[in-house]
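Residue numbers (the numbering used here): 4 to 576.
Beta carbons: idealized from backbone N, C-alpha and C, even for Gly.
Predicted model only: the values in this text are computed from it and were never measured.
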């Protein structure tokens with residue numbers, strides 16, 4: 004394959020917003036802040052760095068990796084795009100760090116988190132081992148301040164350390180539902196200016212969910228001794244959760260027992276936390292590399308091109324496995340456990356785009372069947388590719404005793420291969436809808452890049468504008484719905500049940516978990532949130548996050564106002 008002249012090949016295919024994001028966050032700059040890289044050169048740099056892990060045919064793999072990214076069919080997670088090729092390039096998006104019940108452990112992990120944030124990664128923590136507020140501290144004869152106080156310290160530190168000079172750190176805080184400080188934790192983000200750099204999730208147990216179903220109580224337990232401290236109504240805890248989530252979008256739920264039921268390496272430890280968006284459960288100190296396939300690019304002439312998708316899956320698995328070997332880990336403990344399990348996470352973006360091309364409403368059985376078929380195909384082919392890599396390079400060192408060995412799989416190179424990530428800014432670069440989310444709107448504002456507004460027009464809607472000679476400012480949601488017909492189903496028109504059922508459809512074929520926000524209209528109630536939580540558990544999800552429109556002062560996606568259009572932020576408008 005002949006590589007086109009780099010630096011110019013991508014410009015015609017990148018949207019204005021994609022170029023803005025690349026310029027602001029991804030393209031390399033010199034000491035004076037001047038951009039020294041063009042988009043095509045970015046993909047060349049990444050492909051060159053990742054193909055360097057190959058022992059043979061480096062040029063062949065460079066070309067394959069480059070073409071897949073340049074065509075926007077596959078993109079790796081942000082740290083790989085930002086840092087590949089740097090002398091100290093940290094390439095992983097996801098880390099989990101342990102926190103023990105001592106000042107040494109608490110502040111060691113804070114130091115590690117600062118290093119990870121500086122290098123471009125995000126961190127997840129379980130604060131469940133920390134003693135409850137008011138507990139005795141024998142060494143000082145004082146009392147403990149509790150997990151929430153230390154989450155606030157971590158939050159302030161995160162605000163101070165910028166990731167690679169490009170973005171602020173993201174965190175996940177998890178606290179077990181039977182921790183004595185659980186109610187304080189649930190309410191900890193209800194103040195609009197509290198804990199801004201954390202998502203928080205309650206670590207749910209099967210015991211709690213059974214008590215909730217029966218209207219019973221659970222014991223709150225001492226984190227160290229597991230001694231029963233006091234009983235509390237499961238309904239009371241659940242009510243507080245739904246009220247807080249209605250008010251501010253947090254907490255979510257993480258189903259710890261279910262996650263550990265599918266822990267691929269149980270002999271290596273118990274999973275207590277996930278990465279910041281919840282899709283990647285990880286062992287203490289473990290990291291993971293993510294990448295996403297742009298599903299809309301595999302559909303043309305009214306059909307999905309499965310053979311192209313299959314070959315890209317094979318190349319993407321190899322790419323992500325190479326990332327592990329090319330990674331410059333910020334802490335040695337992460338390198339050690341990551342190399343033993345070699346977890347990767349291949350997922351998707353552009354699913355809503357694909358459904359629109361196929362004429363399928365997001366809120367339909369046919370759309371869910373299509374999603375499940377696609378994820379099943381990706382997971383199966385990724386496992387096959389990982390097994391082929393294991394024949395060439397050897398299986399991951401913790402293969403013996405793993406879940407996969409017990410289930411009779413062929414030895415694989417990677418302990419996990421499939422994950423559905425939110426895709427965030429890489430979906431902007433790809434010109435695709437994010438993750439498996441429905442489209443937010445036909446024309447909307449994306450608040451990213453330290454307060455900068457990007458107005459986006461969905462390609463299908465933009466085509467209607469051009470075909471009918473209508474400007475976006477003249478076309479409202481009702482007009483879009485009339486033009487596109489039943490296939491038009493933006494996020495807030497999708498029912499709670501349809502949101503959760505779609506997440507469950509993808510979860511059935513994901514080794515790790517599925518990042519999906521259950522987007523609700525402003526008029527939604529706390530009872531609607533409770534329905535979503537219970538349905539997610541009953542359908543086999545590993546966690547759930549909800550967001551009610553306008554429940555935070557600022558949000559990533561918002562409706563376009565006349566003022567936005569007047570500022571001429573949208574060339575098509």
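Practice prompt. From the DSSP output, in three-state form, read off residue 401 for me.
Written response: To locate residue 401, count along the chain shown from 1; it is residue 398. It is coil, neither helix nor strand.
Item to complete: Mind checking which residues open and close the alpha helix (DSSP H) that includes residue 204?
Response: To locate residue 204, count along the chain shown from 1; it is residue 201. That residue, residue 204, is in no alpha helix (DSSP H); its beta strand (DSSP E) goes 201-207.
Worksheet entry | Own chain residues within Cβ distance below 6 angstroms of residue 303, not counting five before or after | To locate residue 303, count along the chain shown from 1; it is residue 300. For residue 303, where only same-chain residues beyond five positions count, there are no Cβ hits under 6 angstroms.
Discussion item. Cutting at 6 angstroms between CB atoms, please list the residues of its own chain near residue 57, excluding the five before and the five after it.
Written reply: Here residue 57 refers to the residue found at position 54 of the chain shown. 64, listed in sequence order.
Discussion item. For a quick check, are the C-beta atoms of residue 104 and residue 149 less than 9 angstroms apart?
Written reply: Counting from 1 along the chain shown, the entry for residue 104 is found at position 101. Counting from 1 along the chain shown, the entry for residue 149 is found at position 146. Not closer than 9 angstroms, so no.
Worksheet item: Distance, Cα to Cα, residue 511 vs residue 296?
Response: Residue numbering aside, residue 511 sits at position 508 when the chain shown is read from its first letter. Residue numbering aside, residue 296 sits at position 293 when the chain shown is read from its first letter. Going by the C-alpha atoms only, they are around 18 angstroms apart.
Worksheet entry | CB contact flag (residue 560, residue 416, <9 angstroms) | Within the chain shown, the letter at position 557 stands for residue 560. Within the chain shown, the letter at position 413 stands for residue 416. With respect to residue 416, residue 560 sits apart: the two C-beta atoms are not nearer than 9 angstroms.
Worksheet item: How long is the line joining the alpha carbons of residue 84 and residue 124, rounded to whole angstroms?
Response: Here the question's residue 84 lines up with position 81 in the chain shown. Here the question's residue 124 lines up with position 121 in the chain shown. Rounded to the nearest angstrom, the two C-alpha atoms are 12 angstroms apart.
Discussion item. Would the stretch 362-369 count as touching the stretch 386-400 if we require 3 or more Cβ pairs under 8 angstroms?
Written reply: Contact between the stretch 362-369 and the stretch 386-400 is absent, with fewer than three C-beta pairs closer than 8 angstroms.
Worksheet item: Quick one: Cα of residue 299 to Cα of residue 464, how far?
Response: As a working note, residue 299 is residue 296 in the chain shown. As a working note, residue 464 is residue 461 in the chain shown. Taking the straight line joining both Cα atoms gives about 15 angstroms.
Practice prompt. Could you say which of 273, 269, 270 and 290 lies nearest to residue 279 if we only look at CA atoms?
Written response: By 1-based counting over the chain shown, the position of residue 279 is 276. Cα-wise, what sits closest to residue 279 is 290.
Worksheet item: Would the beta-carbon of residue 398 fall within 9 angstroms of that of residue 434?
Response: By 1-based counting over the chain shown, the position of residue 398 is 395. By 1-based counting over the chain shown, the position of residue 434 is 431. Cβ distance not < 9 angstroms, so residue 398 and residue 434 don't count as in contact.
Fill in: Separation of residue 152 from residue 108, as counted between CA atoms
For the purposes of this step, residue 108 is taken as the residue at position 105 of the chain shown. For the purposes of this step, residue 152 is taken as the residue at position 149 of the chain shown. Going from the Cα of residue 108 to the Cα of residue 152 covers about 15 angstroms.
Worksheet entry | Same chain, Cβ closer than 7 angstroms to residue 431, five either side skipped, listed in chain order | One-based indexing of the chain shown puts residue 431 at position 428. When the five nearest sequence neighbours on each side are left out, the beta carbons in the same chain lying within less than 7 angstroms of the beta carbon of residue 431 are those of 20, 21 and 24, in order along the chain.
Worksheet item: Quick one: what does DSSP say residue 561 is sitting in, helix, strand or coil?
Response: In the chain shown, residue 561 corresponds to position 558, counting from 1. Residue 561: strand per DSSP, three-state reduction.
Discussion item. In this structure, how does DSSP classify residue 176 when only helix, strand and coil are distinguished?
Written reply: For this step, residue 176 is matched to residue 173 along the chain shown. Of the three classes helix, strand and coil, the one that applies to residue 176 here is strand, per DSSP.
Fill in: Given 8 angstroms, three or more beta-carbon pairs between the stretch 258-275 and the stretch 41-55
No: the two stretches stay apart, fewer than three of their Cβ pairs being nearer than 8 angstroms.
Worksheet item: Between residue 217 and residue 275, what straight-line distance do the alpha-carbon atoms span, to the nearest angstrom?
Response: Position 214 of the chain shown, counted from the first residue, corresponds to residue 217. Position 272 of the chain shown, counted from the first residue, corresponds to residue 275. Rounded to whole angstroms, residue 217 to residue 275 spans 26 angstroms at the Cα level.
Fill in: Exposed unless 16 or more other CB atoms sit within 10 angstroms - verdict on residue 407
Position 404 of the chain shown holds residue 407. With 16 or more other CB atoms across the displayed protein chains lying within 10 angstroms of its CB, residue 407 is buried.
Item to complete: Would you mind reading off the limits of the beta strand (DSSP E) that contains residue 257?
Response: Start at 1 with the first residue of the chain shown, and residue 257 comes out as number 254. DSSP places residue 257 inside the beta strand (DSSP E), whose first and last residues are 255-258.
Discussion item. Once the 5 residues before and after residue 132 are set aside, which same chain residues still bring their CB inside 7 angstroms of it?
Written reply: Here the question's residue 132 lines up with position 129 in the chain shown. Short of 7 angstroms from the beta carbon of residue 132, and not among the five residues preceding or following it, lie these beta carbons of its own chain, in chain order: 102, 103, 104 and 226.
Item to complete: Counting only the same chain and skipping the five closest in sequence on each side, list residues whose C-beta sits under 7 angstroms from that of residue 26.
Response: For the purposes of this step, residue 26 is taken as residue 23 along the chain shown, with counting starting at 1. Same-chain partners within the cutoff: 38.
Worksheet entry | Sub-9 angstroms separation of residue 544 and residue 285 beta-carbons | Position 541 of the chain shown holds residue 544. Position 282 of the chain shown holds residue 285. No, Cβ-Cβ distance for residue 544 and residue 285 is not below 9 angstroms.
Worksheet item: Using CA coordinates, which residue listed in 250, 521, 320 and 484 is at the minimum distance from residue 440?
Response: Here residue 440 refers to the residue found at position 437 when the chain shown is read from its first residue. Distances from the alpha-carbon of residue 440 to those of 250, 521, 320 and 484 put 521 closest.
Worksheet item: Opposite residue 127 in the DSSP bridges: which residues?
Response: Reading the chain shown from its first residue, position 124 is the one you call residue 127. Residue pairing by DSSP places residue 127 opposite 99 and 175 in a beta bridge.
Practice prompt. Return the first residue and the last residue of the beta strand (DSSP E) that residue 231 is part of.
Written response: Translated into the one-based positions of the chain shown, residue 231 becomes position 228. Residue 231 -> beta strand (DSSP E) spans 231-236.
Discussion item. According to DSSP, residue 2 sits in a beta bridge with which residue or residues?
Written reply: Not covered by the structure: residue 2. The range shown for the chain is 4 to 576.
Discussion item. Any contact between the stretch 538-553 and the stretch 313-326? By contact I mean 3 or more CB pairs, one from each, below 8 angstroms.
Written reply: Cβ pair count under 8 angstroms is below three, so no.
Worksheet item: Going straight from the alpha carbon of residue 423 to that of residue 139, what length do you get?
Response: Within the chain shown, numbered from 1, the residue matching residue 423 stands at position 420. Within the chain shown, numbered from 1, the residue matching residue 139 stands at position 136. Taking the Cα positions, residue 423 is about 42 angstroms away from residue 139.
Worksheet item: Relative to the alpha-carbon of residue 419, which residue among 404, 468, 382 and 429 has its alpha-carbon at the smallest distance?
Response: Here residue 419 refers to the residue found at position 416 when the chain shown is read from its first residue. Per the C-alpha coordinates, the member of 404, 468, 382 and 429 positioned closest to residue 419 is 382.
Worksheet item: In this structure, does DSSP put residue 361 in helix, strand or coil?
Response: The sequence position of residue 361 within the chain shown is 358, counting from 1. Secondary structure of residue 361 (DSSP, three-state): helix.
Worksheet entry | Buried versus exposed, by CB contacts within 10 Å (16 or more), residue 505 | Your numbering for residue 505 matches position 502 in the chain shown. Buried is the label assigned to residue 505, since at least 16 other Cβ atoms lie within 10 Å of its Cβ.
Discussion item. Between the alpha carbons of residue 73 and residue 40, how many angstroms are there, rounded?
Written reply: Residue numbering aside, residue 73 sits at position 70 when the chain shown is read from its first letter. Residue numbering aside, residue 40 sits at position 37 when the chain shown is read from its first letter. Take the alpha-carbon of residue 73 and the one of residue 40: they are about 15 angstroms apart.
Discussion item. Using the three-state DSSP reduction, which class does residue 506 fall into: helix, strand or coil?
Written reply: Here residue 506 refers to the residue found at position 503 when the chain shown is read from its first residue. Three-state result, residue 506: helix.
Item to complete: Answer yes or no: do residue 192 and residue 201 have a C-beta to C-beta separation smaller than 9 angstroms?
Response: Counting from 1 along the chain shown, the entry for residue 192 is found at position 189. Counting from 1 along the chain shown, the entry for residue 201 is found at position 198. At a Cβ-Cβ threshold of 9 angstroms, residue 192 and residue 201 count as neighbours.
Worksheet item: What is the DSSP secondary structure of residue 303, reduced to helix, strand or coil?
Response: Here residue 303 refers to the residue found at position 300 of the chain shown. DSSP places residue 303 in strand when its eight states are reduced to three.
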